[in-house]
Amino acid sequence: ELKTGKIRWSEDRFGAGTVTLAGQRLLVLKENGELILAPASPDGFKPIGRAQILPNGVRAYPALADGHLYARSKDTLVCVDLRKPK
């Protein structure tokens, strides 16, 4: 809570990576190339999906544009479509 400085939740043994807010979802890209999708909630971290999108790890911060996540490793660039199916 910003006003009190109280931490609402934390996640142990998570490792290094990036967290991006996309609408009401958290996109967590771990340094090993695993992408985790979870609702952004003060009630805790509850993943709803996981995928190994880069098998050789991540080498740069991901970019998010128009519902697509772009990420790269040393030699591979990937685009993940995060939009809901029509």
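FYI, in our numbering the residues of the sequence shown are 1 to 86.
We put the beta carbon where it would ideally sit given N, CA and C, even for glycine.
Given the structure is predicted, the values throughout are model-derived calculations rather than measurements.
Exercise. Report the residue from 8, 33, 6, 24 whose alpha carbon sits nearest the alpha carbon of residue 18.
Key: Within the sequence shown, residue 18 is the residue found at index 18, counting from 1. Of the listed residues, the one whose Cα sits closest to residue 18 is 33.
Quiz item: By how many angstroms is the C-alpha of residue 7 removed from the C-alpha of residue 1?
Solution: For this step, residue 1 is matched to residue 1 along the sequence shown. For this step, residue 7 is matched to residue 7 along the sequence shown. Taking the straight line from one Cα to the other gives about 6 Å.
Quiz item: residue 51 to residue 30, Cα distance in whole Å?
Solution: Counting from 1 along the sequence shown, the entry for residue 51 is found at position 51. Counting from 1 along the sequence shown, the entry for residue 30 is found at position 30. Whole-angstrom Cα-Cα distance: 11 Å.
Practice problem: Please report how far the alpha carbon of residue 23 lies from the alpha carbon of residue 66, in whole angstroms. | Solution: Residue 23 sits at position 23 when you count from the first residue of the sequence shown. Residue 66 sits at position 66 when you count from the first residue of the sequence shown. Whole-angstrom Cα-Cα distance: 11 Å.
Quiz item: Can you tell which of 40, 38, 53 has its C-alpha closest to the C-alpha of residue 87?
Solution: Limits of the chain in this structure are 1 at one end and 86 at the other, which puts residue 87 out of reach.
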